[in-house]
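Residue numbers (the working numbering), protein chains in the order written: chain A, 1 to 267; chain B, 1001 to 1267; chain C, 2001 to 2301; chain D, 3001 to 3301.
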């Protein structure tokens, strides 16, 4: 069940310039899975709306959530100032994540670009854990392709625990020069299914790539949000088919997504 | 020179329910004297205007100001949460205080009611120190009359260092039952001049008393303020004579006051 | 202690409802609050046919509030009746359906379609959405147009009608009086105030629609003023709204003359806001020994 | 890097002035900021005779801003010329005198009295103060009245006239066009938005005047929208204001179409706000390689 609650910050550190890594203690952690997000409320009374931040890791046993986020405005700048022991109001868990059952026995390519990388960690971990429970031919093969601006390859070591990691960097300082698609091409990576999160141009390229290869791509979308729970209709995406809720080809990213099958949405 | 600056909180404690005692380190302390005030800015971005708070003590040698204030709204509630080491933006020093030269050789009655008591402490201290420099017949006699709600007689011990203290309490638990005027009557206190700060009904009673006794009363007024520096004309008081600034019998409490000769203002 | 109020013959258990468009039809907030506790649920605007709304970005944050330009996206009255009204059947609260349209006939179509729906207790007529270009807002900004549409809807409506007024007018009392004279059973105000935000780095508008309707605590003083002015000008009841986030905010509107209040954008900031407002009003009444909330309506001196 | 702008033939070293009534005539802020650095100092409103203003409380805080109902207290034009203009003589900045009145003749008296004052560079005509009951606001809320007073003042004014518009109107473009057609040299907007606050514990109005003009960051989106709409509607330059506290705020107005901007209530919150806005605009221009600030005016796409 969704709720608004006060989380306690267990730790926070900077992973790269402008990128922060925060662990929160909150009981909603037990409901969290890969691809979902929470709303985080600034305390600054001039900035009232919750900030949607994707879940980088969820640890149900410790009631803990890990958020890795970029400082992009006043809200995230405020969050980055908090320290162990501080409280922070959160709303969650929100949205529908990746459906792991669809990935069984597949060669799964996880693609993350920039601040789209963090949700790929929870997904890689969940796939890895799912594999433990599965027979050999039901296991997923986990291939991870991540794109950075430069050599500040945050979360790389965490990702390597769960699969083979390929890297692209915009300035060419690490891995393939360019973006994740350049890395796929250079490394000749093949996959049966793609799970991706990142900036819109990357998602568009992935949609095109998946369509050409005739494989499914599950992509996580972003949009300005207000309520986060599907009421305000602020964060919609055009859909190919009339969706069950809006009846006007406008799916709600916060509630019907944020993860969509690429071919279902017009981006 | 007035300025806006960030003060460091040296200490804060509660003196009575809802009454807080805060020492601030800030370089404007050296300019502060009895009857003046500073503007204190909340950090809460929904409450933007500085809160006028009177100076309870100023210690130029330590660049320290003491504020004793009552929690009356969101701003003061916020201030009361701060602890040693926290920063707080202040604007000051503001207003004109009590003119000590007018009190030389006089039997001075300092009257404070409720949260009007704190400025009487700095005034008592300054009079006491002025006495040290003066010949016997130029010294002021310091009589202090303070009115509380109940037996939470905050600042009483501090005041006793500088003069004889008479107490009134609304519930009669300490001193004379009633207000400061009841105490003056009960104790048959005589004075040559009055300096007072407190709620409007008390100031009105003092104005009347002083007029009957034909003695001067210097009273410190309060009003809703915006700028604190005399620009916005928010905090005016009707004056008997046309004042030099407004030319319409409206003196600015923040700048022309807050201390006025009672007979000059219509309250 | 009585918190019941009555508007146009409809009894509310308490004076608290929600701003249209901030609460869906209650479904999305059902897991946060018990809808049975609300005085009324006010639905998102519904038109005779499905509306796609505006392109994104549709929402953006501003100091103490937000701008929205959803453009009244809605699934149309048929889906609304089948799905939303059916969902609300199980709840013991009033249902106010917010009706939108681009022409008088659009509104009349919806109002007639709802006339036999037992679950609908009141109709709120949205003539003041600033984000739809086709002219609906004109009904809310010109007294003659407001008179005409109010009269026409009143002819066809089986339920009491609440005219929702725009704050983007020179004189709210003129609009309030026009609606009252044309037969409105109640008024609700204010709708959002038209605003704009510019991204100085991209040199673009923050919203695809350029302008959006402003809501949130920042607009409360304007809303309280207009509710007070309208309450002085008309005799029909007023549902006050605009920046209500707490019971204290709600009480300001009631003292200004509102019979009921709506919690709007505050739902996005605190999904429990409605219930907290209801409980806070009760606390205030208890503390101040107010036996009947009616004694507070318009009680400012 | 050029920050100079020109309005009606008057050159400003930069586009930043102050909102009338928030800065006195500069005297009170002289110890915080170097007045020589401002594009212009805009005085508090001055009438033909001294005005006592409204009773207190005259100011109160609201979410993200404040309400004021000073009621244009001023010492009258004679004292103003002798004291305020004399004070400003020593400064290298433009002087804009804000003129108020209760009748057209009142305004004309002040304008004529100032016609030979060399220290006065421009006149701002306040037809939009919401806190004076005598009708001045009517000039700012009815296009015909605005046309009449603008024409009459233009006949007598030696300096360029800036008409200061009220936001409390249905259509700001109608007012902007009326002022332009009647001969206004420039416009300034927005004046404050009429608001109200109620003390729920005392059940009284927070201001003695009941209503007050709202200013502060909370009103910025409404102001930006109106400046954009006005800039689309007229060719004369616009001085934009309403909630400007930072350079980022000022740049929003400039991109929306303002040639200059005023820092208003922000002076009360941060007495250094004007200088910080000027320096922040320069920083932005440097960072974004903008050689001439004129390239930013109305540049939103």
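No residue lacks a Cβ here, since even glycine has one placed at the ideal position from N, Cα and C.
**Alpha-carbon to alpha-carbon, residue 1085 of chain B and residue 27 of chain A** = Looking at the two C-alpha atoms, the distance is approximately 33 Å.
**Request:** Name the residue from D/3145, D/3295, D/3073 and D/3018 whose alpha carbon lies nearest to the alpha carbon of residue 3038 of chain D.
**Result:** Here the closest residue by C-alpha is D/3018.
**Prompt:** Alpha carbon to alpha carbon, how far is residue 3031 of chain D from residue 1229 of chain B?
**Reply:** About 10 Å.
**Asked** Among the residues of its own chain, which have a CB less than 8 Å from the CB of residue 3306 of chain D, if the five just before and after it don't count?
**Response** This structure gives no information on residue 3306 of chain D, because the portion of chain D shown stretches from 3001 to 3301.
**Request:** Please list the partners that residue 1004 of chain B has in chain D, where partner means a Cβ-to-Cβ separation under 9 Å.
**Result:** Within chain D, 3032, 3270, 3271 and 3272 have C-beta atoms less than 9 Å from the C-beta of residue 1004 of chain B, given in sequence order.
**Asked** Should residue 83 of chain A be flagged as near chain G, meaning a C-beta pair shorter than 7 Å?
**Response** No chain G appears in this structure, whose protein chains are A, B, C and D.
**Span of the alpha helix (DSSP H), counted from its first residue to its last, around residue 1129 of chain B** = If you look at residue 1129 of chain B, you'll find it in the alpha helix (DSSP H) that goes 1118 to 1133.
**Prompt:** Beta carbon of residue 3162 of chain D: closer than 6 Å to some heavy atom of the ligand MG?
**Reply:** Summarising the ligand content, the structure contains no ligands, and the ligand MG is consequently not present.
**Prompt:** On the three-pair Cβ rule with 8 Å, is the stretch 2105 to 2124 of chain C touching the stretch 2145 to 2161 of chain C?
**Reply:** Result yes; three or more Cβ-Cβ pairs closer than 8 Å.
**Message:** Against chain B, which members of the stretch 3049 to 3065 of chain D pass a CB distance test of less than 8 Å?
**Reply:** Residues are counted here when their Cβ sits less than 8 Å from a Cβ of chain B; for the stretch 3049 to 3065 of chain D these are 3050, 3051, 3052, 3053, 3056, 3057, 3058, 3059, 3060, 3061, 3063, 3064 and 3065, given in chain order.
**Request:** Tell me, please, which residues DSSP counts as bridged to residue 84 of chain A.
**Result:** Residue pairing for residue 84 of chain A: DSSP places it in no beta bridge.
**Message:** Here's the rule: buried if 16 or more other CB atoms are within 10 angstroms of the residue's CB, otherwise exposed. What is residue 1244 of chain B?
**Reply:** Under the 10 Å beta carbon count, residue 1244 of chain B is surrounded by fewer than 16 other beta carbons and is classified as exposed.
**Message:** Buried or exposed, going by whether 16 or more other CB atoms sit within 10 Å of the CB of residue 1136 of chain B?
**Reply:** Exposed.
**Neighbour flag for residue 74 of chain A against chain B, beta carbons, 7 Å** = Cβ-Cβ to chain B under 7 Å: no for residue 74 of chain A.
**Request:** Give the DSSP-derived three-state secondary structure of residue 3105 of chain D in the structure shown.
**Result:** Residue state, collapsed to three classes: helix.
**Asked** What residues of chain B sit near residue 3029 of chain D, judged by a beta carbon separation below 7 Å?
**Response** Neighbours of residue 3029 of chain D on chain B, chain order: 1231.
**Prompt:** When you compare each of B/1003, B/1172 and B/1057 to residue 1129 of chain B by their alpha carbons, which one comes out closest?
**Reply:** Of B/1003, B/1172 and B/1057, the smallest CA-CA separation from residue 1129 of chain B is found for B/1057.
**Request:** With DSSP collapsed to three states, give me the class of residue 195 of chain A.
**Result:** In the displayed model, residue 195 of chain A falls within a strand according to three-state DSSP.
**Asked** Under three-state DSSP, which class holds residue 144 of chain A?
**Response** The answer is strand: DSSP assigns residue 144 of chain A an E or B state.
**Request:** Taking only beta-carbon positions, decide if residue 2200 of chain C is within less than 7 Å of chain D.
**Result:** It does; some Cβ of chain D falls within 7 Å.
**Request:** Report yes if the CB atom of residue 2036 of chain C is closer than 7 Å to the CB atom of residue 2093 of chain C, and no otherwise.
**Result:** In contact: residue 2036 of chain C and residue 2093 of chain C (Cβ atoms closer than 7 Å).
**Prompt:** When DSSP labels each residue in this structure, what does residue 2121 of chain C get in the three-state scheme?
**Reply:** It is coil, neither helix nor strand.
**Request:** Please name the residue, chosen from B/1262, B/1092, B/1080 and B/1169, that lies closest to residue 1022 of chain B on a Cα-to-Cα basis.
**Result:** Sorting B/1262, B/1092, B/1080 and B/1169 by C-alpha distance to the C-alpha of residue 1022 of chain B places B/1080 at the top.
**Request:** Name the residue from D/3199, D/3128, D/3181 and D/3180 whose alpha carbon lies nearest to the alpha carbon of residue 3191 of chain D.
**Result:** Closest option to residue 3191 of chain D, Cα to Cα, is D/3128.
**Request:** Check the C-beta distance from residue 3045 of chain D over to residue 3099 of chain D and give it rounded, since I have them as a contact under 8 Å.
**Result:** Sure, about 7 Å apart at Cβ, within 8 Å.
**Item:** CB contact below 7 Å: residue 208 of chain A versus chain B
**Value:** By this cut-off, residue 208 of chain A is not an interface position.
**Local Cβ density within 10 Å of residue 3291 of chain D, reported as buried at 16 or more and exposed below that** = The residue is exposed, with fewer than 16 neighbouring Cβ atoms inside 10 Å.
**Prompt:** Are the CB atoms of residue 3210 of chain D and residue 3060 of chain D nearer to each other than 7 Å?
**Reply:** Result no, Cβ atoms of residue 3210 of chain D and residue 3060 of chain D do not sit closer than 7 Å.
**Message:** I'd like the ranges of any alpha helix (DSSP H) spanning at least 4 consecutive residues and lying wholly in the stretch 3173 to 3250 of chain D.
**Reply:** Counting only runs of at least 4 residues, the stretch 3173 to 3250 of chain D fully encloses the following alpha helix (DSSP H) elements, listed from N- to C-terminal order: 3220 to 3233.
**Message:** Beta carbons nearer than 7 Å to chain B: which residues of the stretch 25 to 45 of chain A have them?
**Reply:** So the list reads 44 and 45, given in the order they occur along the chain.
**Message:** Could you compute how far the alpha carbon of residue 262 of chain A sits from the alpha carbon of residue 203 of chain A?
**Reply:** As the crow flies, the alpha-carbon of residue 262 of chain A is around 8 Å from that of residue 203 of chain A.
**Prompt:** Out of D/3023, D/3230, D/3050 and D/3096, which has the shortest C-alpha to C-alpha gap to residue 3119 of chain D?
**Reply:** If we check each option's Cα against that of residue 3119 of chain D, D/3096 comes out closest.
**Prompt:** According to DSSP, is residue 1201 of chain B helix, strand or coil?
**Reply:** DSSP places residue 1201 of chain B in helix when its eight states are reduced to three.
**Prompt:** Any C-beta of chain A sitting closer than 7 Å to the C-beta of residue 2023 of chain C?
**Reply:** Yes, residue 2023 of chain C counts as interfacial toward chain A.
**Prompt:** How long is the line joining the alpha carbons of residue 3239 of chain D and residue 2057 of chain C, rounded to whole angstroms?
**Reply:** Between residue 3239 of chain D and residue 2057 of chain C, the alpha-carbon positions lie close to 29 Å from each other.
**Bounding residues of the beta strand (DSSP E) (the contiguous stretch that carries residue 6 of chain A)** = 3 to 16 is the span of the beta strand (DSSP E), which, as asked, contains residue 6 of chain A.
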